[in-house]
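Asks:
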Amino acid sequence: MAKIKKTIKTIKVDADRCNGCRGCEIICSAYHAEPKYSSINPAKSRIQVITHRLKDIWLPVFAGEYTPAECMGRDKYIIDGKEYDECTFCRATCPSRDLFKDPDSGLPLKCDMCEGEDEPMCVKWCLNDVLTYEEREIEVDEEEEASLEDMEIGLESLADKFGLDKVQDAVARLSQQKKS
Ligand code: SF4
Ligand code: SF4
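For the sequence shown, the numbering used here begins at 6 and goes up steadily by one.
#1: Are the beta-carbon atoms of S50 and E70 separated by less than 7 Å?
#2: By alpha-carbon positions, which one of P113, G25, C127 ends up nearest to R58?
#3: From L132, P113, I83, T137, pick the residue whose C-alpha is nearest to that of E124; which is it?
#4: May I ask you to list the residues that DSSP assigns as paired with E140?
#5: Hey, is P3 close to ligand 1, as in C-beta under 6 Å from one of its heavy atoms?
#6: Say yes only if the C-beta of D117 is nearer than 6 Å to one or more non-hydrogen atoms of ligand 2, and no if none qualify.
#7: So is the beta-carbon of V3 under 6 Å away from any non-hydrogen atom of ligand 1?
#8: Buried or exposed: where does A175 fall if 16 or more other Cβ atoms within 10 Å of its Cβ makes it buried?
#9: From the DSSP output, read off the bridge partner residues of F67.
#10: For Y36, does the three-state DSSP call read helix, strand or coil?
#11: Span of the alpha helix (DSSP H) holding K115?
#12: Among S101, A38, S34, G28, which residue has its Cα nearest to the Cα of P73?
#13: Please look up how many angstroms separate the CB atoms of E144 and K8, rounded, as I've assumed it's under 8 Å.
#14: By the 10 Å Cβ neighbour count, where 16 or more other Cβ atoms means buried, how is K166 classified, buried or exposed?
#15: Check whether the Cβ atoms of C23 and W63 lie closer than 7 Å to each other.
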């Protein structure tokens, strides 16, 4: 099977350097406002700083994939003596919490790495060097990559036609049917 190069984009988080200034949330929400930079609302940011002042926890987390169902179990982490609440490190937009949902529409938010920029905006704006952008290339099967792209284009056109809400409802229903 033919191989092609694919670029993997990563943001490394050095959480110990974060002071909770929320500059990353501000610039992310402004950058993704319609029109661009027309408003600021950290609740619409695709990076959220999970904060627990008493435990000295400031943890930037990026919005990941939408999931129609919450986990069956939860994880607790203790790192350097600090206990992190359940779901702290999870990037999913899931029914069990309001994180990474647009407060106006309720639609899921997902980090897009500021597609089109040379460097993600939150990385540029973090003055404490918490966030570091990295790129690397990997080889993938051309056919598998093409079918994934086809699926994304198909989903996007369905969302354009019927609205994202209806497509998500349909996926959630299908997922329940498959499980039962
Ligand atoms: S801009 Fe940097 S220091 Fe400020 S909250 Fe975000 S990650 Fe933390
Ligand atoms: S990379 Fe861009 S979209 Fe992702 S959290 Fe940072 S500013 Fe937001």
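Positions of the beta carbon are idealized from the N, C-alpha and C atoms, including for glycine.
Replies: Quick answer:
#1: As a first step, residue 50 is located in the sequence shown; it is residue number 45 there, counting from the start. As a first step, residue 70 is located in the sequence shown; it is residue number 65 there, counting from the start. Taking 7 Å as the Cβ cut-off, S50 and E70 do not qualify as a contacting pair.
#2: Within the sequence shown, the letter at position 53 stands for residue 58. Checking every option, the nearest Cα to that of R58 belongs to G25.
#3: What you label residue 124 is simply residue 119 of the sequence shown in a count that begins at 1. Comparing Cα positions, the closest option is T137.
#4: Here residue 140 is taken as the residue at index 135 of the sequence shown, counted from 1. K14.
#5: Because the chain is modelled from 6 through 185, residue 3 falls outside the range shown and cannot be assessed.
#6: If you number the sequence shown from 1, residue 117 lands on position 112. Yes, Cβ of D117 sits closer than 6 Å to a heavy atom of ligand 2.
#7: In the structure as shown, the chain begins at 6 and stops at 185. Residue 3 is therefore absent and cannot be evaluated.
#8: Residue mapping note: residue 175 aligns to position 170 of the sequence shown, counting from 1. With fewer than 16 other Cβ atoms within 10 Å, it is exposed.
#9: Looking up residue 67 in the sequence shown gives position 62. According to DSSP, which records beta bridges pairwise, F67 is partnered with I52.
#10: One-based indexing of the sequence shown puts residue 36 at position 31. Helix.
#11: Residue numbering aside, residue 115 sits at position 110 when the sequence shown is read from its first letter. K115 -> no alpha helix (DSSP H), and no H or E assigned at all.
#12: Numbered from its first residue, the sequence shown carries residue 73 at position 68. Answer by Cα proximity: S101.
#13: In the sequence shown, the residue the question calls residue 144 occupies position 139. In the sequence shown, the residue the question calls residue 8 occupies position 3. Correct: roughly 4 Å between the Cβ atoms.
#14: Here the question's residue 166 lines up with position 161 in the sequence shown. Flag for K166 reads exposed.
#15: The count along the sequence shown starts at 1 and reaches residue 23 at position 18. The count along the sequence shown starts at 1 and reaches residue 63 at position 58. Against a cut-off of 7 Å, the Cβ pair of W63 and C23 comes out as a contact.
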